[in-house]
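I have placed the structure first, in the form of structure tokens, so that the comments after it can refer back to it.
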Amino acid sequence: RQAENGEEFVHRARAATGLPLEIINSREEAELAVESCAPLLREAGRRALLFDIGGGSTEIAWVRLDSGQQPEVIGYMSLPVGVVTLSEHCAGACYQSEGFARLVESIVIMLRPFERVHRIGEEIRRGGVAMIGTSGTVTTLAGVSLKLERYRRGLVDGICLTRRAVDEALAEARALGREGLSRHPCIGQERVEFVLPGCAIFAGIHELWQVPQLMVADRGLREGMLMRLMRACRPKNAA
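In terms of my numbering, the sequence shown opens at residue 3 and continues consecutively.
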């Protein structure tokens with residue numbers, strides 16, 4: 003969406019493959035993420051705060067949960083920062099305590115308008131609000147928390163981490179530094195530059211909205227699109 007040559011790419015890809023391509027907007031991206039996580043939200047309470055930390059942006063969705071109904075997005079926000087954009091502009095700061103703290107505070111500042119509109123903090127204090135993360139950042143933190151010798155989706159997808167466990171995983175990831183992160187079995191050299199930028203974005207979300215636990219989802223847009231297609235193909239009179 004942010005690329006200057008996005009439309010040109012779509013036309014060239016269509017000409018080369020014959021396949022129609024569509025650049026979805028940020029709301030649809032948030033809705034697809036919610037759709038992918040719907041099975042995990044059936045017993046989650048009355049509201050859910052879902053986030054997806056991507057490469058170029060971070061999607062936040064505020065979701066109404068009604069028993070027997072599809073989760074409904076009642077508010078969404080797209081932050082213009084993701085793990086790639088932050089690593090390109092602020093990578094060095096992520097490895098310094100003061101720099102990391104400044105990045106976290108900048109994320110909190112960006113989120114405050116969304117908080118003022120929806121009063122999510124008040125809803126969290128009332129109870130019945132679940133927080134769910136669908137990004138590689140939170141699955142990595144889950145792997146760190148579980149001390150996995152290799153990443154195993156079956157152990158991570160759907161797990162709930164307490165606030166203390168999340169804080170400890172964040173602290174451990176930051177303490178490892180670049181070399182330690184590159185050697186970690188759940189990270190590796192190819193992803194090392196994106197881990198702490200993602201942690202800074204997550205820490206801002208985690209600081210502003212202090213829920214007692216975090217649900218981790220190893221699923222996202224792809225699964226959301228599949229579930230939407232399957233529902234569209236289902237006969238209307240099917241149970």
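Don't be surprised by glycine CBs; every beta carbon is placed ideally from N, CA and C. Note that this is a predicted model, so its numbers are computed, not measured.
DSSP three-state call for residue i: helix, strand or coil?
i: E245; result: In the structure displayed, the chain extends from 3 to 241; residue 245 sits before or after that span and is not available.
i: Q191; result: helix
i: G182; result: helix
i: P22; result: coil
i: D220; result: coil
i: G206; result: helix
i: R233; result: helix
i: P199; result: helix
i: E151; result: coil
i: G8; result: helix
i: P115; result: helix
i: D169; result: helix
i: R176; result: helix
i: G94; result: helix
i: S69; result: coil
i: R121; result: coil
If I follow the unbroken beta strand (DSSP E) through residue i, where does it start and stop?
i: R49; result: R49 to I55
i: T164; result: C162 to T164
Bridge partners for residue i per DSSP, in chain order?
i: A63; result: L52 and Y78
i: A132; result: A50
i: Q215; result: T164
For a quick check, are the C-beta atoms of residue i and residue j less than 7 Å apart?
i: I55; j: T139; result: yes
i: I126; j: V213; result: yes
i: I134; j: L52; result: yes
i: A50; j: A132; result: yes
i: F196; j: S89; result: yes
i: G8; j: I26; result: no
i: D220; j: T164; result: no
i: G94; j: T60; result: no
i: L67; j: A35; result: no
i: V146; j: A175; result: yes
i: I122; j: W211; result: yes
i: C201; j: Y153; result: no
i: S28; j: S69; result: no
i: L42; j: P73; result: no
i: L23; j: R14; result: no
i: V194; j: L183; result: yes
i: E37; j: M232; result: no
i: G206; j: V106; result: yes
i: G222; j: T136; result: yes
i: A40; j: Y78; result: no
If you follow the alpha helix (DSSP H) that residue i is part of, which residue opens it and which one closes it?
i: G84; result: G84 -> no alpha helix (DSSP H), and no H or E assigned at all.
i: A40; result: Run containing A40: none; DSSP gives neither H nor E here.
i: G138; result: G138 to L148
i: G156; result: R155 to V158
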